[in-house]
Amino acid sequence: MNSDKTAPQLNPTKTIGFFPAVKTVTKSIREYKRPSLLAPFFVAIEVLLECLIPYVMTLLLGAMQYVDTPTMANPNPISVNIIKLIFGSAQPNMLITILYFGLALLLLAFLSLTFGALSGKFCAIASSGFAKNLRKDMYHKIQDFSFSNIDKFSSSSLITRLTTDVTHVEMSYMMIIRTAIRSPFMLVTSMIMAFTINSTMALIFLCTTPILAIGLAIIMSKAIPFFNRIFKRYDKMNESVEENISGMRVVKSYVREDYEKEKFNKASENVKNDFIKAEKIIAFNGPLMNFCVYAGLIAIYVVGSILIINTNQAFLKITELQSFMTYSFQMLMSLMMLSMIMVQIIMSTASIKRIAEVINERPTIVTPENALKHVKNGSIEFKNVNFKYFEKAEKYALKDIDLKIESGQTIGIIGSTGTGKTSLVQLIPRLYDATLGEVFVGGINIKEYDLDTLRNSVAMVLQKNVLFSGTIKDNMRWGNKNATDEEIIEACKLAQADEFIQNFPEKYNHYIEQGGVNVSGGQKQRLCIARALLKKPKILILDDSTSAVDTKTDALIRKSFREYIPETTKIIIAQRIASVQDADKIVILDKGTIVAVGNHEQLLSSNEIYQELYYSQNKAGDNNG
Ligand code: DUT
Ligand code: MG
4 MNSDKTAPQL NPTKTIGFFP AVKTVTKSIR EYKRPSLLAP FFVAIEVLLE
54 CLIPYVMTLL LGAMQYVDTP TMANPNPISV NIIKLIFGSA QPNMLITILY
104 FGLALLLLAF LSLTFGALSG KFCAIASSGF AKNLRKDMYH KIQDFSFSNI
154 DKFSSSSLIT RLTTDVTHVE MSYMMIIRTA IRSPFMLVTS MIMAFTINST
204 MALIFLCTTP ILAIGLAIIM SKAIPFFNRI FKRYDKMNES VEENISGMRV
254 VKSYVREDYE KEKFNKASEN VKNDFIKAEK IIAFNGPLMN FCVYAGLIAI
304 YVVGSILIIN TNQAFLKITE LQSFMTYSFQ MLMSLMMLSM IMVQIIMSTA
354 SIKRIAEVIN ERPTIVTPEN ALKHVKNGSI EFKNVNFKYF EKAEKYALKD
404 IDLKIESGQT IGIIGSTGTG KTSLVQLIPR LYDATLGEVF VGGINIKEYD
454 LDTLRNSVAM VLQKNVLFSG TIKDNMRWGN KNATDEEIIE ACKLAQADEF
504 IQNFPEKYNH YIEQGGVNVS GGQKQRLCIA RALLKKPKIL ILDDSTSAVD
554 TKTDALIRKS FREYIPETTK IIIAQRIASV QDADKIVILD KGTIVAVGNH
604 EQLLSSNEIY QELYYSQNKA GDNNG
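Every number in our numbering is 3 more than the matching position in the sequence shown, counting from 1.
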């Protein structure tokens with residue numbers, strides 16, 4: 004669609020390592036460190052309390068047995084002590100025993116719930132705050148990006164990184180500070196409790212962990228490459244959406260809907276397929292986990308039962324086996340959770356790297372130290388300038404450009420499409436930097452100016468100009484946020500826009516829809532010129548900005564430039580000779596080089612390209628005006 008723009012390379016950035024990426028990304032936690040620490044802290048307390056519950060149950064069962072038959076063999080000594088503590092020398096009572104233990108259990112459950120809720124709250128604060136900071140940091144960074152930075156990532160990829168990738172990281176973070184603490188902690192606590200009940204039995208369960216660890220490592224290493232690829236596919240898909248929706252009118256006028264649907268289907272099919280492949284690998288996680296856990300459980304059951312029967316409960320009691328099973332179940336649950344976290348973390352490794360790439364990207368164009376904050380005048384000089392859009396590009400878009408423009412002059416630039424006209428003028432406000440050579444404004448190398456100062460003195464009406472949603476006045480104040488209504492009207496009059504604005508029912512409060520779709524092409528161009536004039540620039544660049552305006556209005560606009568802003572240097576890029584005919588100097592560009600400079604008469608008598616253009620346009624010119 005973007006015919007005058009070669010497609011940006013997709014993700015040409017050097018991939019950064021996982022740990023440096025984590026280091027970069029975690030810097031955005033900032034003010035959310037406290038909740039990030041409180042969440043796992045409360046989780047730890049919750050888990051501890053939760054693990055105490057089966058233990059208290061064992062004690063309760065032991066106590067009930069003891070109260071029932073005080074003469075039993077091998078009573079649980081702790082249960083006996085508690086009974087003695089409750090009843091002293093009095094006769095123990097079954098109902099009161101159950102009541103005491105019941106209350107203790109209730110209290111434990113209530114406390115664990117409370118701490119669980121607290122940790123949930125802090126977890127939500129921490130993770131959503133972290134995500135907010137990440138988006139903010141990336142967004143601020145992107146604002147400082149130069150065009151070449153943006154070309155490098157592509158705008159759709161930046162959008163995916165700001166949205167989908169951040170969501171992935173947010174989810175992982177939530178899991179890490181809550182579940183990833185909870186599960187291992189639960190695992191360890193249950194393990195310790197199991198060991199205190201019976202160490203031999205606990206060892207049996209422990210034997211399954213190495214198998215599990217190796218299995219998980221294999222699964223992870225196989226799945227990660229797929230997830231890395233999925234995000235590139237996402238970029239492609241979003242690129243298709245972005246391009247299609249912003250260019251909907253063109254799509255419709257070329258009846259390309261079916262083609263576009265096909266393209267989108269393919270992109271989303273690719274995402275789906277890769278996801279399926281990745282999920283297929285990850286699906287092994289479940290069976291592996293189940294195998295290890297159930298193998299462990301069966302072994303415990305078998306060995307436990309044999310021990311109970313053969314040693315007549317001397318080595319292991321039935322009540323202990325029951326608690327043991329509860330702990331095993333808790334371990335099972337935490338292992339399941341851990342595997343889910345693994346999946347989430349695998350998925351977010353790619354995202355973490357992609358976010359870190361944006362945050363670590365260095366803007367290629369920055370304000371230097373001790374920058375100059377004043378531009379003396381609108382003179383411009385190109386000294387030996389060569390330019391290409393990215394380092395690896397084969398062709399230079401501009402070659403050996405030497406050009407001197409006095410302050411206040413009007414310069415016309417003419418040349419066939421793709422010859423570097425836009426490229427040339429973009430170097431003046433440093434939208435891109437020259438690859439070789441230097442550009443001077445007001446006699447000073449533009450790299451020495453403060454970027455804002457430079458860009459405020461150079462107003463450029465872009466070839467692909469944009470209006471923003473809001474009233475005409477709002478749009479005008481982009482040029483100068485302090486402009487008075489009178490100034491706005493004056494600028495619009497100069498740009499020949501006042502007349503049609505007066506015809507809108509709400510005049511200057513007429514609402515412009517997003518992208519300026521409710522004004523005509525020529526109206527939009529005139530509004531953009533007015534917006535540029537409001538900057539009161541030292542240099543005004545019009546890149547094919549009157550192409551949709553009729554020749555008469557075009558001439559009126561140029562006339563008002565001459566009369567009202569004589570000190571401003573005016574650069575006019577045009578396809579029509581008529582638009583540049585009265586300029587002080589006309590520059591003819593061909594294939595990235597200047598082939599001739601002169602005024603209309605000089606060029607008409609000496610330059611072939613100019614003559615050809617002039618005669619072809621003047622033959623057709625009769626039906627032009
Ligand atoms: N080019 C890029 N990347 C861009 C824009 C342009 O590689 O983002 C290339 C395409 C072309 C050359 O640079 O070969 C010059 O493009 P420019 O946009 O400067 O050409 P133009 O003279 O302004 O063409 P038009 O009259 O179509 O606006
Ligand atoms: Mg152009």
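Glycine residues also receive a C-beta, built at the ideal position from the N, C-alpha and C atoms. These numbers come from a predicted model, not from an experiment.
Could you tell me the alpha carbon to alpha carbon distance between residue i and residue j, rounded to whole angstroms?
i      : j      : result
Val191 : Lys391 : 60 angstroms
Met4   : Ile48  : In this prediction, Met4 has a pLDDT of 36, which is less than 50 and means its spatial position is unreliable; what the coordinates show is noted afterwards. Cα to Cα, the separation comes out at about 59 angstroms.
Ile515 : Asn478 : 8 angstroms
Ala486 : Arg480 : 6 angstroms
Gly91  : Ser326 : 28 angstroms
Ile81  : Leu62  : 7 angstroms
Gln12  : Glu493 : The predicted position of Gln12 is uncertain, since its pLDDT is 36 and thus under 50; a value taken from the coordinates is nonetheless stated next. The alpha-carbon atoms of Gln12 and Glu493 are separated by roughly 44 angstroms.
Ile568 : Thr370 : 28 angstroms
Ile416 : Ile574 : 7 angstroms
Val258 : Val520 : 19 angstroms
Leu40  : Phe198 : 29 angstroms
Pro78  : Asn84  : 10 angstroms
Leu536 : Ser609 : 35 angstroms
Pro43  : Arg185 : 8 angstroms
Asn585 : Val25  : The sequence given here has Asp at residue 585, not Asn. Spanning the two alpha carbons is a distance of roughly 60 angstroms.
Phe208 : Lys87  : 35 angstroms
Ile576 : Glu451 : 27 angstroms
Thr2   : Met292 : Nothing about residue 2 can be reported from this structure: the residues present for the chain run from 4 to 628 only.
Val70  : Met339 : 39 angstroms
Pro540 : Asp455 : 13 angstroms
Val305 : Leu215 : 21 angstroms
Met141 : Ser158 : 13 angstroms
Leu606 : Gln429 : 25 angstroms
Phe21  : Ile355 : 8 angstroms
Lys36  : Val46  : 16 angstroms
Ala353 : Ala286 : 19 angstroms
Lys562 : Cys531 : 17 angstroms
Ser472 : Val522 : 12 angstroms
Val50  : Lys239 : 44 angstroms
Lys235 : Val361 : 15 angstroms
Leu629 : Gly446 : Coverage of the chain is limited to positions 4 through 628, which leaves residue 629 absent and any answer about it impossible.
Asn363 : Ser249 : 29 angstroms
Leu114 : Met60  : 17 angstroms
Thr322 : Met223 : 40 angstroms
Based on the DSSP secondary-structure assignment, which residues constitute the bridge partners of residue i?
i      : result
Ile515 : Gly473
Phe443 : Glu384, Asn448
Ala599 : Ile591
Val2   : The requested residue 2 does not occur in the structure, where the chain is confined to residues 4 to 628.
Phe390 : Leu401
Thr413 : Lys573
Ile408 : Ile383
Leu64  : Its beta-bridge partners do not exist; DSSP assigns none.
Leu375 : Tyr452
Exercise for the section: Please determine if the region 362-374 and the region 399-407 are in contact, where contact requires at least 3 C-beta pairs separated by less than 8 angstroms. Expected result: no
Problem - Cβ pair count under 8 angstroms reaching 3, the region 229-239 against the region 275-295 - result: yes
Handout entry: Segment contact, 8 angstroms Cβ cut-off, at least three pairs: the region 263-270 with the region 309-318
Key = Result no; under three Cβ-Cβ pairs closer than 8 angstroms.
Exercise for the section: Mind the definition here: the region 123-142 touches the region 164-172 only if three or more C-beta pairs lie below 8 angstroms; say whether that holds. Expected result: Proximity of the region 123-142 to the region 164-172 meets the contact definition, three or more beta-carbon pairs being nearer than 8 angstroms.
Problem - Three-pair Cβ contact test at 8 angstroms for the region 60-74 versus the region 101-120 - result: Yes, since at least three Cβ pairs between the region 60-74 and the region 101-120 fall closer than 8 angstroms, the two stretches touch.
Practice task
Report yes or no: do the region 404-412 and the region 379-391 share at least 3 C-beta pairs separated by less than 8 angstroms?
Solution key: yes
Problem - Runs of alpha helix (DSSP H) wholly within the region 284-325 (minimum 4 residues, chain order) - result: 288-314
Handout entry: Sufficient close CB pairs (3 or more, under 8 angstroms) joining the region 291-304 to the region 333-346
Key = yes
Problem - Three or more C-beta pairs below 8 angstroms linking the region 414-422 and the region 179-187 - result: no
Practice task
Report yes or no: do three or more beta-carbon pairs, one from the region 429-449 and one from the region 139-154, lie closer than 8 angstroms?
Solution key: yes
Exercise for the section: State whether the region 504-512 contacts the region 552-566, with contact taken as three or more CB pairs (one from each stretch) at a distance under 8 angstroms. Expected result: no
Exercise for the section: Note down, one range per segment and in chain order, each beta strand (DSSP E) of at least 3 residues found wholly within the region 54-121. Expected result: none
Handout entry: Unbroken stretches of the alpha helix (DSSP H), 4 residues or longer, contained in the region 147-182
Key = 150-156, 158-163, 169-177
Problem - Three CB pairs or more closer than 8 angstroms across the region 340-352 and the region 121-132 - result: no
Problem - Contiguous alpha helix (DSSP H) assignments of at least 4 residues, all confined to the region 184-229 - result: 202-209
Handout entry: Minimum length 4: unbroken alpha helix (DSSP H) runs contained in the region 232-276
Key = 251-256
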